[in-house]
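Student: In our numbering, the protein residues as written are 361 to 577.
Positions of the beta carbon are idealized from the N, C-alpha and C atoms, including for glycine.
From a predicted model like this one, the values you see are computed outputs, not experimental measurements.
Handing you a structure now.
What follows is the structure in structure tokens.
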């Protein structure tokens, strides 16, 4: 097994290789505006660090969000392209699950990432491997009663201390955690889903109202 994992659903552009036993190479950069520019060089850097070529990869793991449309689609399209080119399966994992897994927490907590517009993408967990609510997008004040008393993980939680007074690492998702979680699930015989993006709201770019199509006569 050689899994190539990547995620662009948050400001983190993150890539890792996992050989079925451990992470053998990884790299992450935080830049919310350069996903498309940074992802492929990061993949190349990780492969070079491991001393491997892309054709050695036996499976792709990609974070499916939730996240902003523009950033998220960079990772998903790249993963699909690699899968088609190599003829290997592409597995999708919730980005929030990667953050939860990396936290290694054994009691209930919440994961929250920045959704902009003064909102967070969030979900509750029983422990680092068990999500108990579907991912959602809300204003922090609107979910305060549902997360009260729970520690939180993620950059979104850091932005709203009134709702999330106790915040723990990690701040950003890592492909290393996604790869490790996927390897663990696959080793247990669990079938991972094909990647389907978790778009919890419409993209920011919209066709203007009263738009007129002008065609030449």
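1. Grouping DSSP H, G and I as helix and E and B as strand, with all else coil, what is residue 490?
2. Per DSSP, residue 479 is paired with what?
3. For residue 402 and residue 376, I'd like the C-alpha separation in whole angstroms.
4. Under the three-state reduction of DSSP, which class applies to residue 418: helix, strand or coil?
5. Between which residues of its own chain and residue 530 is the CB-CB distance below 7 Å, once the five residues before and five after are set aside?
6. Evaluate the contact criterion for the stretch 491-499 versus the stretch 461-480: three or more CB pairs, one atom per stretch, below 8 Å.
7. Can you tell which of 393, 555, 559 has its C-alpha closest to the C-alpha of residue 436?
8. What three-state label does DSSP hand residue 516 in the structure shown?
9. Residue 565 by DSSP, collapsed to three states: which one?
10. Figure out for me which residue from 526, 539, 511 has the closest Cα to the Cα of residue 487.
11. Excluding the five sequence neighbours on either side, which residues of its own chain have a C-beta within less than 6 Å of the C-beta of residue 516, listed in chain order?
Tutor: To lay it out plainly:
1. strand
2. 476
3. 9 Å
4. coil
5. 459, 462, 463, 513
6. yes
7. 555
8. helix
9. Only weak support exists for where residue 565 lies, its pLDDT of 48 falling under 50; the value from the coordinates is given anyway. The answer is coil: DSSP assigns residue 565 none of H, G, I, E or B.
10. 511
11. 472, 473, 474, 480
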